[in-house]
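Note sheet for the following structure.
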Amino acid sequence: MSNEIHVLMDEIAIRRALTRIAHEILEKNKGIDDCVLVGIRTRGVHLAQRLAEKIAEIEGAPIPWGELDVTAYRDDRSSVSKTKGNGKELLMNPADVSVHDKKVILFDDVLYTGRTIRAAMDALMHCGRPQMIQLAVLADRGHRELPIRPDYIGKNIPTSKSEEIVVSLQETDGKDEVTINQNRGEQK
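1 is the number of the first residue of the sequence shown in full-length UniProt numbering; add one for each residue after it.
In structure tokens:
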């Protein structure tokens, strides 16, 4: 079995995708009034922060943003306790970012089965009742198990289930790139 790695997006392509997504968000929402960006830990947080900076640069005004930990809401991780959040634990950070009656734009790095996004929506509901939830992803690789579709996509990347999409960001990995790891000879 061999493992081939191909770069699909470099630093420039990621920056362009975020700029395009920022403009699409502004156009669809007619500005940033009542909008909040929420990044899903870990890499979604960094992407949401970059997007907030890009939108502030374009609009000349800041957009609130925060991070969301969906670990307690996951249904596909055996190591996670079956006890769901009760709304009392800190899910949003900073805690003063309100999602109640806001247009929430969730941001994640890769959309695959949709289970992380479902968990994020459950977690958001414990933080308040959003007016609307929109979804932005840097890479959409397909293979949905739930009826979830992104509103904003950096890049569509059709994959087989044996392939893996890896997002590396400067903040956590020391470089910006999206790669596909093709595992030759592996059957799934």
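C-beta: ideal position from N, C-alpha, C; glycine also. Quick caveat: nothing in here was measured; it's all calculated off a predicted structure.
Residue i - containing beta strand (DSSP E), residue span
i    : result
V110 : 103-111
G128 : Element bounds for G128: n/a, residue is neither H nor E.
Beta-carbon proximity list for residue i, same chain, < 8 Å, skipping 5 on both sides
i    : result
E59  : L26, G31, I32
V137 : F107, D108, D109, V110, L111, P150, Y152, I153, G154
CB-CB length for residue i against residue j, believed under 8 Å
i   : j    : result
R41 : D69  : 5 Å
V97 : L124 : Rounded, the Cβ-Cβ distance is 11 Å, inconsistent with contact.
One or two residues paired with residue i in a DSSP bridge
i    : result
G39  : E67, F107
T159 : Looking at the DSSP assignment, T159 forms no beta bridge with any residue, so it has no partner.
E24  : Per DSSP, none; premise fails for E24.
A139 : V110, K155
M92  : L68
Cβ neighbours of residue i in the same chain (closer than 7 Å, five flanking residues each side left out)
i    : result
Y112 : R141, H143
Residue i - containing alpha helix (DSSP H), residue span
i    : result
L8   : Premise fails: L8 lies in the beta strand (DSSP E), 2-9, not in any alpha helix (DSSP H).
D151 : Premise fails: D151 is in no alpha helix (DSSP H) and is neither H nor E.
E171 : 170-173
6 Å CB neighbourhood of residue i in its chain, flanking five on each side removed
i    : result
I5   : T179, N181
Q134 : I105, D151
A52  : L37, I63, W65
D173 : none
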